[in-house]
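Trainee: This structure is in structure tokens; I'll ask about it shortly.
In the numbering used here, the protein residues as written are 1 to 95.
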């Protein structure tokens with residue numbers, strides 16, 4: 001479950017890491033990935049109005065991308081669990 005206070009502590013290491021992102025069971029359209037040192041949160045954009053993907057960096061900053069870094073795998077299967085909180089506009093977070 002992503003929070004506004006979450007942040008990427010080492011972007012260079014995150015981009016170079018081998019990470020498998022899976023659906024966040026608590027938040028629709030968010031995916032979670034883990035490196036040995038940090039948890040990463042990627043938001044699926046409302047394409048074509050938004051970029052395809054956005055990595056939440058923290059401090060109201062995002063890294064938008066359409067092609068993930070070479071070591072990242074984003075595992076998508078249809079739908080999010082019924083228990084997942086609804087999608088909010090980019091930059092808004094559930095309390």
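Beta carbons are placed, not taken as given, at the ideal position from N, Cα and C, and that holds for glycine.
1) In whole angstroms, what is the alpha-carbon distance linking residue 64 and residue 55?
2) Hey, residue 25 and residue 84 are a contact pair by Cβ (cut 8 Å); roughly how many whole angstroms apart?
3) With a CB to CB cut of under 6 Å and the five nearest residues on each side skipped, what residues in its chain are close to residue 94?
4) Span of the alpha helix (DSSP H) holding residue 55?
5) Identify, in the order they occur along the chain, each residue of the same chain with its Cβ nearer than 8 Å to the Cβ of residue 37, setting aside the five sequence neighbours on each side.
Mentor: Checking against the coordinates, here is how it stands:
1) Residue 64 sits at position 64 when you count from the first residue of the chain shown. Residue 55 sits at position 55 when you count from the first residue of the chain shown. Going by C-alpha positions, residue 64 is about 6 Å away from residue 55.
2) Counting from 1 along the chain shown, the entry for residue 25 is found at position 25. Counting from 1 along the chain shown, the entry for residue 84 is found at position 84. Residue 84 and residue 25 do touch by the CB rule: their CB atoms are close to 6 Å apart, below 8 Å.
3) Taking the chain shown and counting its residues from 1, the one referred to as residue 94 is at position 94. 85.
4) Position 55 of the chain shown, counted from the start, is the residue given in the question as residue 55. In this chain, residue 55 is not harboured by any alpha helix (DSSP H); it is covered by the beta strand (DSSP E) spanning 53-58.
5) The residue labelled residue 37 in the question sits at position 37 within the chain shown. Hits under 8 Å: 9, 10, 13.
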